[in-house]
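Trainee:
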Amino acid sequence: MAELSRLGEGVRAYWLIAGMWVRSSMTYRTSFVVTMFGNLLMTGLDFVGILLMFSQVDSLGGWGLPEIAFLYGLSVTAFGIADLVLGSMDVLGARIRDGSFDILLVRPAPVLAQIGADRFAVRRLGRITQGTVVLVWALASVDVDWSAAKVLLVPVMVVSGAAIFCAVFVAGAAFQIFAQDASEVQNAFTYGGTTLLQYPPTVFGKDFVRGVTFMLPLAFVNWVPASYVLDRPYPLDLPQWAAFASPLVAVACAVPAGLAWRAGLGSYRSTGS
Amino acid sequence: MGSWRLYAAVAVGGFRRYATYRAATLAGVFTNTVFGVILVYTYLALWDEKPHLGGYDQAQAVTYVWLGQCLYSTLAIQGGGAEKDVIERIRTGEIAVDLYRPADLQLWWLASDLGRSLFQLLGRGVIPFVFGALFFPMALPTDVTSWAALFVALLLAMVVSFGIRYLAALSVFWLMDGMGIMQGVMITGVFCSGIVFPLNAFPGVLGDIVRALPWAAQLQMPADVLMGEADPLGAYAFQATWAVVLLAAGRLLQSAATRRVVVQGG
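If you're matching them up, the sequences are chains A and B in order. Sequential numbering of the first sequence, starting at 29, is according to the numbering used here. Sequential numbering of the second sequence, starting at 292, is according to the numbering used here.
#1: Using a C-beta cutoff of 9 Å, does residue 142 of chain A count as contacting chain B?
#2: Since residue 145 of chain A and residue 42 of chain A are thought to touch, with beta carbons under 8 Å apart, how far apart are those beta carbons, to the nearest angstrom?
#3: Is the CB of residue 236 of chain A under 9 Å away from at least one CB in chain B?
#4: So is residue 386 of chain B buried or exposed if we call it buried at 16+ other beta carbons inside 10 Å?
#5: From the beta carbon of residue 158 of chain A, is the nearest beta carbon of chain B less than 9 Å away?
#6: Is it a yes or a no for the stretch 154-169 of chain A touching the stretch 242-250 of chain A, going by three-plus beta-carbon pairs under 8 Å?
#7: Should residue 318 of chain A be flagged as near chain B, meaning a C-beta pair shorter than 9 Å?
#8: Residue 55 of chain A CB to nearest chain B CB: under 9 Å?
#9: If you measure between the beta carbons of residue 335 of chain B and residue 432 of chain B, is that distance less than 9 Å?
#10: What does the alpha-carbon distance come out to for the pair residue 487 of chain B and residue 77 of chain A?
#11: Could you list which residues in chain A have their beta carbon closer than 8 Å to that of residue 494 of chain B, in chain order?
#12: Suppose the cutoff is 6 Å on Cβ atoms and the five residues either side in sequence are ignored; what does the same chain contact list for residue 271 of chain A look like?
#13: What does residue 31 of chain A touch in chain B if you count any residue whose Cβ is under 8 Å from its own?
#14: Give a yes or no on whether the C-beta atoms belonging to residue 538 of chain B and residue 366 of chain B are separated by under 9 Å.
#15: Is residue 560 of chain B close to chain A? Criterion is C-beta to C-beta, closer than 9 Å.
#16: What do you reckon, is the C-beta of residue 347 of chain B under 8 Å from a heavy atom of the ligand FMN?
#17: On the CB-based measure, 16 or more other CB atoms within 10 Å of its CB, does residue 505 of chain B come out buried or exposed?
#18: Rounded to the nearest angstrom, what separates residue 296 of chain A and residue 206 of chain A at their Cα positions?
#19: In the DSSP output, which residue or residues are listed as bridge partners for residue 91 of chain A?
#20: Would you identify the three-state DSSP class for residue 227 of chain A, choosing helix, strand or coil?
#21: Within this structure, are the beta carbons of residue 298 of chain A and residue 130 of chain A separated by less than 9 Å?
#22: Looking at the secondary structure, which residues open and close the alpha helix (DSSP H) in which residue 526 of chain B lies?
#23: I want to verify the contact list: residues of chain B whose CB lies under 9 Å from the CB of residue 227 of chain A, in sequence order.
#24: Name the chain A residues whose beta carbon is nearer than 7 Å to that of residue 376 of chain B?
#25: Can a CB atom of chain A be found closer than 9 Å to the CB of residue 471 of chain B?
#26: What is the DSSP secondary structure of residue 292 of chain A, reduced to helix, strand or coil?
#27: Do residue 489 of chain B and residue 363 of chain B have their C-beta atoms within less than 9 Å of each other?
#28: Just tell me which of B:481, B:408 and B:471 has its CA closest to the CA of residue 64 of chain A.
#29: Does the separation of the CB atoms of residue 222 of chain A and residue 103 of chain A fall below 9 Å?
#30: Can you confirm whether residue 558 of chain B, when its beta carbon is compared against all beta carbons of chain A, has any partner nearer than 9 Å?
#31: With C-beta atoms as the reference, is residue 423 of chain B less than 9 Å away from residue 338 of chain B?
#32: Taking just the CA atoms, how far does residue 399 of chain B sit from residue 299 of chain B?
#33: Out of curiosity, what's the CA-to-CA distance linking residue 289 of chain A and residue 190 of chain A?
#34: I want to see whether chain B comes within less than 9 Å of residue 149 of chain A, judged by CB atoms only; does it?
#35: If I measure Cβ to Cβ from residue 50 of chain A and keep anything under 7 Å in the same chain, skipping five residues before and after, which residues do I get?
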């Protein structure tokens with residue numbers, strides 16, 4: 029029960045801080061609109077990159093454009109949600125270095141909620157919007173015999189994918205407590221992860237696919253469940269039920285990430301400056 | 292002669308400043324390597340589908356990817372070099388102090404940015420490139436002249452890159468806020484420099500346009516010089532022309548901007 033009330037407290041603190049940042053960003057309305065638009069454009073660039081590739085070829089790794097757009101839409105939307113909720117995690121290193129992390133520790137609210145809501149940026153909706161637009165286009169253009177299970181799987185993928193990415197963000201934050209100046213390592217897994225998932229698994233080497241299926245199970249964000257929806261062979265010949273395992277995988281990621289975060293906080297020694 | 296030593300010292304300062312962030316450099320090396328691996332796989336799939344895309348064979352495409360990762364932070368392709376400091380100094384008004392220094396503003400920042408570039412090249416660029424060469428088939432020349440030719444192209448690329456970003460930074464004299472312009476630098480840099488997709492492989496008129504823009508001097512030209520796909524002298528001429536145009540424009544804008552500076556007493 030204590031755990032539950034602590035969760036409620038965290039969510040409440042998160043909303044309060046996020047709301048504060050939203051109000052402050054609304055003060056400069058033009059700037060807000062411009063950065064939101066810029067964000068949309070920026071995240072759209074990698075899809076433009078894919079379109080450029082398809083201006084030269086008809087398929088990539090045996091997958092056509094609508095299918096790759098499906099992967100892309102799922103990956104970017106799921107990542108966008110995680111980025112909206114916890115994307116500020118990469119400022120953690122800077123906060124530790126300048127000593128302001130200590131302030132968060134003495135405030136009567138869970139640190140994870142505070143750091144997650146830190147500089148909460150509505151402009152990050154740009155990525156979600158862009159991902160969703162591509163996803164909707166992909167859903168309309170892929171050649172699929174839709175069944176109830178397939179239809180249901182799409183929102184499940186987005187939510188579990190977001191949760192998996194959230195776990196990566198939290199684990200990355202825990203790592204930053206140890207490594208301090210290394211927020212970019214986190215980028216390799218977050219931005220790198222979402223870039224990776226925009227391409228079909230057939231493009232990558234077997235060992236590489238193994239790594240992102242069993243070690244860092246990003247494959248469950250879209251590759252595995254999307255293979256079921258699109259009637260494609262599963263990467264690594266996984267069993268049929270694996271397509272529905274994403275929520276379980278998300279939980280399995282969240283638990284160690286949470287523990288790592290706790291361990292990180294417990295071992296934190298202030299910079300002393 | 293004396294002023295030459297001053298700018299050399301500024302460049303050394305720029306180099307040293309970035310050399311202090313060791314963990315950040317290591318993290319950057321890791322990230323560039325991961326992105327390189329992802330891109331190489333997609334390029335290999337692409338070139339499988341359409342061999343000789345953009346006039347490259349597979350090994351050349353792979354080389355292009357790793358050179359891109361090597362130059363990503365060296366040329367501050369998505370921003371984050373001296374222009375970040377200039378913008379911050381304009382915003383806070385500290386630029387007024389810089390204007391009183393017995394040094395040229397543009398040369399000062401150029402020197403500082405070149406120092407940064409050289410550090411990023413050695414500290415951050417070389418390792419992903421070597422990693423790529425060890426684990427993937429690359430088309431690397433074996434003669435010293437090609438590598439020397441690359442180095443010259445890289446120096447010119449650094450100046451062009453600075454020229455673009457310095458112009459962007461000066462606009463803050465009028466805009467007052469650097470957020471939008473930094474985003475602009477990022478978007479144009481990522482799209483037009485060929486880091487997402489080689490400019491040689493851009494289709495039709497779009498390709499003609501991007502290959503004529505100054506961003507083409509950053510990754511496309513050095514890559515083609517390294518792999519013997521472009522005549523070095525022609526490439527240098529292209530790069531140098533843009534460098535001169537951009538620096539001259541920066542100079543004009545700078546003199547217009549500094550006349551606008553109002554120092555607020557406090």
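Virtual Cβ for every residue (Gly too), placed ideally from N, Cα, C. Keep in mind it's a predicted model, so treat the numbers as computed, not measured.
Mentor: In terms of the structure at hand:
#1: By this cut-off, residue 142 of chain A is not an interface position.
#2: 5 Å
#3: yes
#4: Counting other Cβ atoms within 10 Å of its Cβ, residue 386 of chain B reaches 16 or more and is therefore classed as buried.
#5: no
#6: No, the stretch 154-169 of chain A does not touch the stretch 242-250 of chain A.
#7: Outside the shown range of chain A, which is 29 to 301, sits residue 318 of chain A, and nothing can be said about it.
#8: The Cβ of residue 55 of chain A sits no closer than 9 Å to any Cβ of chain B.
#9: no
#10: 6 Å
#11: The answer, in chain order, is 80, 83 and 84.
#12: 252, 253 and 256
#13: The premise fails here: residue 31 of chain A is roughly 33 Å from chain B at the closest Cβ pair, so nothing lies under 8 Å.
#14: Contact check for residue 538 of chain B against residue 366 of chain B fails: the beta carbons are separated by 9 Å or more.
#15: Summary: the structure shown does not reach residue 560 of chain B, with chain B confined to residues 292 through 557, and so no result is reported for it.
#16: The ligand FMN is absent from the structure shown, which contains no ligands of any kind.
#17: buried
#18: Note on geometry: alpha-carbon atoms of residue 296 of chain A and residue 206 of chain A lie some 8 Å from one another.
#19: A:88
#20: Reduced to three states, the DSSP call for residue 227 of chain A is coil.
#21: yes
#22: 523-549
#23: 329, 332, 333 and 336
#24: Neighbours of residue 376 of chain B on chain A: none; closest Cβ ~16 Å, over 7 Å.
#25: yes
#26: helix
#27: no
#28: B:471
#29: yes
#30: No statement about residue 558 of chain B is possible, as the shown extent of chain B runs from 292 to 557 and does not include it.
#31: Taking 9 Å as the Cβ cut-off, residue 423 of chain B and residue 338 of chain B do not qualify as a contacting pair.
#32: 9 Å
#33: In a straight line, the C-alpha of residue 289 of chain A is about 18 Å away from that of residue 190 of chain A.
#34: no
#35: 148 and 150
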